[in-house]
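Enquirer: Below is the structure I would like to discuss, written out as structure tokens.
Numbering (my numbering), first residue to last: 568 to 903.
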């Protein structure tokens, strides 16, 4: 025991140092004010059934209309800074770190669609009053989370959601359609095992100039500015490598089928014209499912890569404002 204590203490110190470094990546300052962290969030305590503590923040007036932001793979609450800063003066804006991301714990459950759905359900139960509904916004894995929740808890959709925005997301066949790696899926189809090896290896991401250029051209788009590229890369680098890898392996095999058909409230779908990670074919497929179900409000393609709320924040926020207005009209109709 005496021999092992220094090793354990060293590991604890290393964990503390890396946690502090990840927090620093999430809280960097930028010349673009909307990318900076919004001050003084209200912390909402949420602990899942298996004991995982989730970091949940709420901004804005307690009696405001609620917007819930659900981030994607390798991201965190701060990914939504452009939306929190734009909406929190008037609306109650809630965002949370998905398991293993940001400061949320991994818990003991295996990653999967039901786990994503259960976590969202618990967050909604914590932040919404009885009878209150929210506009749900999901990016990438966040959009997958909303679809999984709708499939697992169809009775909650009309009770908890007033409208939905799905941004650059997917339902299935993620490895087979991704074009992040040149030639893969353009010339040679990517097998699931290869995708798991490429994205499911727990290694830290570098912050070099070369890494930023690759991130900008393969994940974002070449037209985004330096602040946007730096912000996006810093957010992704802040994710714990082990969590990023475990989730990537799970996403590679996930198939939600027509889960979007359970979204029985107005839903808009946003795709990125230059998105190589989840190309627009995914969004088109989801939009077709929603159209068949009669709940597609709009399908739109923005001139962005995979991060439309950062690369085209004004256009994205305008679409979100539009969905809030639709939700408000729906609430008025229900009230009358």
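Cβ coordinates follow ideal geometry from the N, Cα and C atoms, glycine included.
Taking buried to mean at least 16 other C-beta atoms within 10 Å of its own C-beta, is residue 625 buried or exposed?
Expert: buried
Enquirer: Tell me whether residue 829 sits in a helix, a strand or coil according to DSSP, three-state version.
Expert: helix
Enquirer: What residue does the alpha helix (DSSP H) around residue 725 start on, and which one ends it?
Expert: 721–727
Enquirer: Candidates 718, 658, 617: which alpha carbon is nearest residue 674's?
Expert: 617
Enquirer: On the DSSP letters alone, give me the boundaries of the alpha helix (DSSP H) that residue 816 sits inside.
Expert: 808–820
Enquirer: Hey, would you say residue 695 sits closer than 8 Å to residue 727, going by beta carbons?
Expert: Yes; because the gap between Cβ atoms is below 8 Å, this pair is in contact.
Enquirer: Taking the beta carbon of residue 776 as the centre, do at least 16 other beta carbons fall within 10 Å, making it buried, or is it exposed?
Expert: exposed
Enquirer: Terminal residues of the continuous alpha helix (DSSP H) containing residue 877?
Expert: 875–878
Enquirer: What would DSSP say about residue 623, mapped onto helix, strand or coil?
Expert: Strand at residue 623.
Enquirer: Using beta-carbon positions only, say whether residue 704 and residue 823 come within less than 8 Å of one another.
Expert: no
Enquirer: State the DSSP-derived secondary structure class of residue 706, mapped to helix, strand or coil.
Expert: strand
Enquirer: Using C-beta distances below 7 Å, list every residue in its chain close to residue 879, excluding the 5 sequence neighbours before and after it, in chain order.
Expert: 869, 870, 871
Enquirer: Measure the CB-CB distance between residue 730 and residue 633 and report whether it falls below 8 Å.
Expert: Not in contact: residue 730 and residue 633 (Cβ atoms no closer than 8 Å).
Enquirer: Which one or two residues does DSSP pair with residue 609 in a beta bridge?
Expert: 625
Enquirer: In whole angstroms, give me the CA-to-CA distance for residue 799 and residue 738.
Expert: 23 Å
Enquirer: Near residue 553, what residues of its chain come up, given a Cβ to Cβ distance below 6 Å and the 5 sequence neighbours on each side ignored?
Expert: Any answer about residue 553 is impossible in this case: the structure gives the chain only from 568 up to 903.
Enquirer: Are residue 786 and residue 849 closer than 8 Å when you measure CB to CB?
Expert: no
Enquirer: If you compare alpha carbons, which of 782, 841, 808 is closest to residue 797?
Expert: 782
Enquirer: Quick check on residue 734: does DSSP put it in helix, strand or coil?
Expert: strand
Enquirer: Buried or exposed: which applies to residue 780, given that a residue is buried once 16 or more other Cβ atoms fall within 10 Å of its Cβ?
Expert: exposed
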